[in-house]
Amino acid sequence: MQTIAYVLTGEALSKLGSSISANLWHCVLEGLRKAMDFLASKNLIIEDYVMSRFYATLLHCLHMILLDPKGSLSGHVAGFVSTLQMFFTYGLSSRSFLVPTTIGSVNKENGTSNHKSRFVESSKNEHGRYKPPHLRKKETLMQVPKSLSSSDSELSKNGFTSSDSDQSDGDGFAKFEDPFRSSKARIAAINCVQAICHADPKSLTSLWTILLPETDVLQPRRYPATLMTCLLFDPISKIRIAAASTLAAMLDRHALFFLQVAEYKGSIKCGSFTTLSSSLGHILMQLHRGILYLIQHQPHSGLSTPLFKVLSFLISATPYARMPEELLPSVIVSLRAWMMEDLANKHIGLLGIALSCLEAALSRSPSSVNVLKVLEEDISKDCAHRQQGSSLPHILLQLTERGRHSSVKLEALQVLKALIHNYPSLVTRVWECISSVVYSLLQTRSTDEFSPEICSASWRGESGKSPGSNIEKCTMAGVKVLDECLRAASGFKGTELTDGLEECGSLDIQILSDFRRRIRVSSAPSYDLNGLEAFKCSMEGHLSGSNLWSEVIMKHLPLALSHSSSMVRAASLTCFAGLTLPVFSSFTKENQEFVISLSISAARNDQVSLVRSAACRAIGVIAFFPQVVSCSSVLNEFIRAAEFNSHDPTTSVRITASWALANICDSLRQKATTSHSECSSTLKLDPESISVLVESALRLTKDGDKIKSNAVRALGNLSRFIQFSDHSSPKNLTSNCINLCDSDSDWLERMVQAFVSCVTTGNVKVQWNVCHALGNLFMNDTMKLKNMSWTSAVYSILLLLLRDSTNFKIRIHAAVALSVPGSRLDYGNSFADVVQSLVHVLETLNSDQTSTPSGFKYKGSLEKQVTLTSLHVLGFASSEDDQALKDFLIKKASFLEDWFKLLSASLMEVANQPSSSKETSSVDQEDIYIPHALKKTKLLAAAKSLSNIYTSSKRQGLAQRFVKYVDNLAEDS
């Protein structure tokens, strides 16, 4: 009767679906929870015909109620999971089935060939001779008691029937007889776990140690059964597929963050305490071992797809840097071995998914030394035997040959790109083959590659796509591989545009801030293994970046830039964005003109926005090269091309156009402010071009945030070198500045208004750029800050950002901008507010919890910068300041004295350390010496100012203590 009741309940839940009320859902859930708890309390699962049907109907109801939760499951998850685990091997304890023959080979490898599986009964009498299916079915029914037969008949009337297909999966197991239909209960239990994972993944993470193995994943076990037990040893392929799908659900989304704490610390000792991170590390090891084993030995094609899906999620979620160093190489070696086996007859879909897993493994950062060794050894073996085909790069190149399906080609090219990106030292080994493959793709017409048979094969829903679009994607991917090789051979880091762009007047202050962090640019190849310099040394004697570029300019780019596909043309122009100054300087004049003219032409004349966007990015990079900045005609063309695209209706084009404009302004600022007069004297820039830059940047500050941040950066660079007369209108620049004619007289006011507006309307990046721009504006020597009406408002904005912003980078650059003014008069009436705000920030800095966790890495830099800015400003304080400021400094005397003690002690520690050792490079010596000397100078000036203030206020005790600091600092000098 209970079975019939659960059958009816399941039918009702199916009909109600998502329309079930929350109250009814809770009532059904509580009833099912009580039933599950009763089963767990008895700790006895009965294996017979009637109870098998009862368990299956109960678990089916639970699955239906979990599919669309109407409330929280957190209080039920642990109880459900502990009971569901009991059904993972239900019906397998007293029935014989054959473990896959491959498991036996594993046992032999592990020295346990005589070990008998708990799942396997070796009695030959039970199997007997082969029986035809019709006799087997009769014999099974004869063995079932009449009471069970009547019950089965009754259940059949109520719609609970079993299909013969559940027991007829030919996946490498022997025919498995399941007279009790126990497989339905097993698959229902696994489906319930999957439903819980989708409904409440966070609650399930604490139960991973119950559901997943920590040791001996390949050894058959009955207790404790895990999802891997079902995946590896269950004789029914539908159950194994369900287990794989559940594993994929567990590893997706939330697990990507949850598993980052995992680490492997060797084998687990029996009975010892194991931390969660260590348990997760062992679970990941066992998952890798089990999944990779199944991929190598799984004959059932239906299970291969979910296995590769699990592996893909597993690769993405595993923190390989905290795992055994051989783990990631084993993944790559296993995938390579799988592909090598009968490569010509691999299923297109499976091959594509395997390539996606391989791309994920090769893309993991940081790069692995052991992976590099495996790849180099494979290539060396190919070279030694004078054959190509066994190493991974050459397998990938085989998959790009003519006649291959376009989807496989595309995936193989993407894997090659990931390989070169993370292991750039291999580019010399594979360049000739890659160059040939890409050249062949560029020469291929859309219809050349596709026979009717290939076109009829579809993968990932591509049946509706034209062959032309597929071959265009392959060609584009090939050009991207070419781009990656060029960047690797050229030593492209992505920081070439910012290296050396120091802020001149505030350079000494920013040296101490230690804020110029090395930024990892995603488009730059990874040199993590040996460093860029070691990589450049390894390239000596091989193909250099200049040689590769020369070949590409002569052979590939003419075809690519004239290609009918806009995707291919855009990818080709993106190659120019990977140029470095040494490589560009090594070009012949003809090649330099080729790059420049094609970038300008594409930006002005191409009809496709994607191509124009790529051209603008190329212009933004090339504009930094001295050969371009020194040529006013080329620079004018660049400015007009970028300005033309800044009006484009497509946002992506305006973003790259504004970025190019900002880079051009940055390059001009470098020329205008350099201390070498010969660098700027050769530049005769059209005054109209400067007007175009200013007006374009002012207009773009009213656009979206991504465009606005570039526009603010452009204005900041312009405001650094444009010379203003009468405090508002620009006039001819002298000395090291670019010659301009008088133009719009309200540029300065409009710039400041734009900065103020962007602070209130822009996002974090916009505010960061506003702080940087204001610092540049303050460094303009031709502008007298003390005479400006807007200085109070600007200082108020900077102080507001310094005190209240939740982003440490914004606060750092607000402090940098506040440190730029070079005299007490430049702060005007805001001086007292600046001093008080800085002291307040110093007091609260250690207890500040306003920043997000990701920003705490900048806290040390913020503390250093605020310290230097405070010393800089306090150095201007004097006894002639307002009484309110002097009273504030007297009130904060105790804090200031403690602060000075800490700073003096830190200076003494640095002074007592060896200034340099024989092993220390000259760069390191400079980094140690300059901050120490500058900090002492600032500290001495601030101590003198405070001692004078306290003396004039008749605070002799305080004055004497600060005089002592002054004397000690003077002696150390």
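Quick note: the sequence shown uses the UniProt record's numbering, first residue 1, plus one each step.
We put the CB at the ideal spot given by N, CA and C, even for glycine.
Computed from a predicted model, the values in this text were never measured in an experiment.
Nearest to residue 889 by C-alpha distance, out of 865, 834, 862, 907, is 834. Residues 752, 755, 756, 774 of the same chain have their beta carbon placed closer than 8 Å to that of residue 794, with the five preceding and five following residues left out of the count.
Annotation note: the segment 193–250 contains the following uninterrupted alpha helix (DSSP H) runs of length 4 or greater, listed N- to C-terminal: 201–205, 208–211, 227–233.
Around the beta-carbon of residue 688, fewer than 16 other beta-carbon atoms lie within 10 Å, marking it exposed. The C-beta separation of residue 54 from residue 2 comes to about 6 Å, placing the pair in contact by the 8 Å criterion. Between the beta-carbon of residue 489 and that of residue 544 there is about 7 Å, and that keeps the pair under the 8 Å contact cut. Exclusion of the five residues before and after residue 552 leaves 482, 486 as the residues of its chain whose Cβ lies within less than 7 Å of its Cβ. Annotated as distal: residue 399 and residue 189, with beta-carbon spacing of 8 Å or more.
In this structure the segment 260–267 does not lie against the segment 203–211, because fewer than three pairs of beta carbons, one per stretch, are closer than 8 Å.
The three-state secondary structure of residue 308, taken from DSSP, is helix. The C-beta distance from residue 289 to residue 372 rounds to 23 Å, too long to fall under 8 Å, and the pair is not in contact. The criterion of a C-beta distance shorter than 8 Å is not satisfied by residue 585 and residue 479.
Per DSSP, the continuous alpha helix (DSSP H) segment holding residue 30 begins and ends at 22–42. According to the DSSP secondary-structure assignment, residue 54 is paired through a beta bridge with no residue. Counting of Cβ neighbours within 10 angstroms places residue 554 among the exposed residues, the total staying below 16. Positions of the alpha helix (DSSP H) runs, each at least 4 residues long and wholly inside the segment 638–716, are given as 651–673, 677–681, 687–700 in order along the chain. Closest in C-alpha terms to residue 191, from the list 869, 964, 57, comes 57. In this structure residue 819 is in contact with residue 869, their Cβ atoms being roughly 4 Å apart against a cut-off of 8 Å. In this structure, residue 419 sits near residue 426, with a CB-CB distance shorter than 8 Å. Put simply, the backbone Cα of residue 24 is about 55 Å away from that of residue 654. Contact between residue 576 and residue 618 is confirmed by a C-beta separation of about 4 Å, below the 8 Å threshold. Distance from residue 826 to residue 786 at the Cβ level is roughly 6 Å; contact confirmed, criterion being Cβ atoms closer than 8 Å. At the C-beta level, residue 333 and residue 193 stay beyond 8 Å of one another.
If you look at residue 863, you'll find it in the alpha helix (DSSP H) that goes 859–874.
Per DSSP, the continuous alpha helix (DSSP H) segment holding residue 771 begins and ends at 764–778. Here the alpha carbon of residue 965 sits roughly 32 Å from the alpha carbon of residue 801.
In the structure shown, residue 962 adopts helical secondary structure according to DSSP, grouped into three states. The distance from the Cβ of residue 303 to that of residue 244 is about 7 Å, consistent with a contact at the 8 Å cut-off. Taking 8 Å as the upper bound for CB-CB distance, residue 807 and residue 878 are not in contact here, some 34 Å apart. Distances from the alpha-carbon of residue 224 to those of 85, 319, 343 put 85 closest. When secondary structure is reduced to three states using DSSP, residue 578 falls in the coil class, being assigned neither helix nor strand.
Of the other Cβ atoms in all chains shown, 16 or more fall within 10 Å of the Cβ of residue 234; this residue is therefore buried. A straight line joining the alpha-carbon of residue 875 with that of residue 943 spans about 8 Å.
Restricting attention to alpha helix (DSSP H) runs no shorter than 4 residues, the segment 339–404 encloses them at 348–362, 369–384, 392–398, ordered along the chain. Taking a C-beta distance under 8 Å as the contact criterion, residue 329 and residue 374 qualify as a contact pair. Judged by DSSP secondary structure, residue 746 falls outside any alpha helix (DSSP H); it is assigned neither H nor E.
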